[in-house]
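Participant:
Residue numbers (this note's numbering), protein chains in the order written: chain U, 3 to 113; chain V, 3 to 113.
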């Protein structure tokens with residue numbers, strides 16, 4: 003079946019460095035993608051989204067890149083801070099007007 | 003959590019017991035969703051409802067039941083038929099602009 007997955011389950015970066023979290027999706031019909039951040043014991047929080055008619059979208063310290071040719075999504079976090087430590091999920095719109103989530107990448111920021 | 007409230011935060015269930023998790027929203031959104039999250043895994047869809055008095059099974063509906071008698075409320079019952087109910091349960095609403103807004107979750111443990 004269709005699925006959303008992540009290349010790496012964990013990522014450790016030094017404070018102040020840039021982070022890149024990757025995601026592969028398999029449903030070529032998906033036209034909407036979201037990145038969520040989930041801190042321990044809490045629900046996921048929206049970070050940034052992108053529609054399939056765009057290649058790049060920037061927010062505050064975050065950028066999402068979409069490569070539809072290879073069905074790849076990435077989240078870039080600039081100047082990573084300790085507060086960025088969390089699990090990051092990518093999600094795509096599913097067939098039932100729901101969102102399909104990947105397994106997540108745990109980002110750890112070292113001081 | 004942006005107007006979506008889950009309760010309780012922690013719940014303990016004995017073997018063979020049914021328990022009900024509450025999800026309430028005051029944002030007047032139609033679509034509501036229940037997801038299950040296991041450690042180190044992504045979110046899996048249990049049930050969703052796009053309108054009052056209507057709901058649909060997700061990927062892992064067996065052992066669960068829901069109701070949608072009011073727009074504001076979408077309770078999830080974990081029945082005794084669910085053999086492995088220990089997990090983190092997340093309720094979400096579809097905002098229509100930024101994907102989902104999630105509640106803070108209920109952690110269910112079998113004792």
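Beta carbons: idealized from backbone N, C-alpha and C, even for Gly.
(1) From 28/V, 33/V, 93/V, 90/V, pick the residue whose C-alpha is nearest to that of residue 53/V; which is it?
(2) So for residue 51/U, helix, strand or coil by DSSP?
(3) Strictly by DSSP, which residues pair up with residue 39/U?
(4) Near residue 36/U, which residues of its chain fall below 6 Å by C-beta distance, leaving aside the five closest residues on each side in sequence?
(5) Hey, how far is the Cα of residue 39/U from the Cα of residue 96/U?
(6) Using the rule of at least 16 other Cβ atoms within 10 Å of the residue's Cβ for burial, across every protein chain shown, is residue 53/U buried or exposed?
(7) I'd like the list of long-range same chain contacts for residue 8/U, defined as Cβ closer than 6 Å, with 5 residues on each side in sequence excluded.
(8) To be precise: take each residue of the region 97–112 of chain V, compare its Cβ to all Cβ atoms of chain U, and keep it if any distance is under 7 Å. Which residues remain?
(9) Does any residue of chain U bring its CB to less than 8 Å from the CB of residue 78/V?
(10) Identify the contact partners of residue 45/V in chain U, using a Cβ-Cβ distance below 7 Å as the criterion.
(11) Can you give the beta carbon distance from residue 35/V to residue 47/V, rounded, assuming they're within the 8 Å contact cut?
(12) At least one CB of chain U closer than 8 Å to the CB of residue 91/V: is that the case?
(13) Determine the closest residue to residue 70/U out of 109/U, 61/U, 28/U, 78/U, with distance taken between C-alpha atoms.
(14) Less than 8 Å between the CB atoms is what I'm expecting for residue 88/U and residue 20/U, so what's the real figure, rounded?
(15) Against residue 57/U, what residues of chain V qualify as contacts under a CB-to-CB distance less than 7 Å, listed in chain order?
(16) Just the C-alpha distance for residue 32/U and residue 67/U, rounded to the nearest angstrom, thanks.
(17) Can you pull the chain V residues whose beta carbon is under 7 Å from the beta carbon of residue 19/U, in chain order?
(18) Just the chain V side, please: which residues come within less than 7 Å of residue 106/U by C-beta, in chain order?
(19) Could one say the Cβ of residue 61/U lies closer than 8 Å to chain V's Cβ atoms, at least one of them?
(20) So does the region 16–28 of chain V actually touch the region 73–84 of chain V, counting three or more Cβ pairs closer than 8 Å?
(21) Is the Cβ-Cβ distance between residue 45/U and residue 107/V less than 8 Å?
(22) So does residue 101/U have its beta carbon nearer than 7 Å to some heavy atom of the ligand NAP?
Facilitator: By the coordinates alone:
(1) Nearest option by C-alpha distance: 33/V.
(2) It is a strand residue.
(3) As computed with DSSP, residue 39/U is found in a beta bridge with 47/U, 90/U.
(4) Here the set comprises 51, 93.
(5) Rounded to the nearest angstrom, the two C-alpha atoms are 19 Å apart.
(6) Answer is exposed; the Cβ neighbour count stays below 16.
(7) Legend: pLDDT at residue 8/U = 43, less than 50; position of this residue unreliable, value from coordinates given subsequently. If the five residues before and after residue 8/U are omitted, its C-beta is found closer than 6 Å to the C-beta atoms of 25, 104, 105, 107, all from its own chain and listed in chain order.
(8) Taking 7 Å as the Cβ-Cβ cut-off against chain U, the residues of the region 97–112 of chain V that qualify are 100, 101, 102, 104, 105, 106, 107.
(9) Not an interface residue.
(10) Those are 103, listed as they occur along chain U.
(11) With 8 Å as the limit, residue 35/V and residue 47/V qualify as a contact, their Cβ atoms being about 7 Å apart.
(12) With 8 Å as the cut-off, residue 91/V does not count as an interface residue toward chain U.
(13) Looking at the Cα atoms, 28/U is the closest of the given residues.
(14) So it is not a contact: roughly 16 Å between Cβ atoms.
(15) In chain order: nothing, as chain V lies at least about 19 Å away.
(16) The straight-line gap from Cα to Cα measures roughly 15 Å.
(17) Those do not exist, as residue 19/U stays about 25 Å from chain V at its closest Cβ, beyond 7 Å.
(18) Close to residue 106/U, with beta-carbon spacing below 7 Å, are these residues of chain V in chain order: 44.
(19) No, residue 61/U lies away from the interface with chain V (no Cβ there is under 8 Å from its Cβ).
(20) At 8 Å Cβ cutoff, the stretches touch.
(21) Taking 8 Å as the Cβ cut-off, residue 45/U and residue 107/V qualify as a contacting pair.
(22) Summarising the ligand content, the structure contains no ligands, and the ligand NAP is consequently not present.
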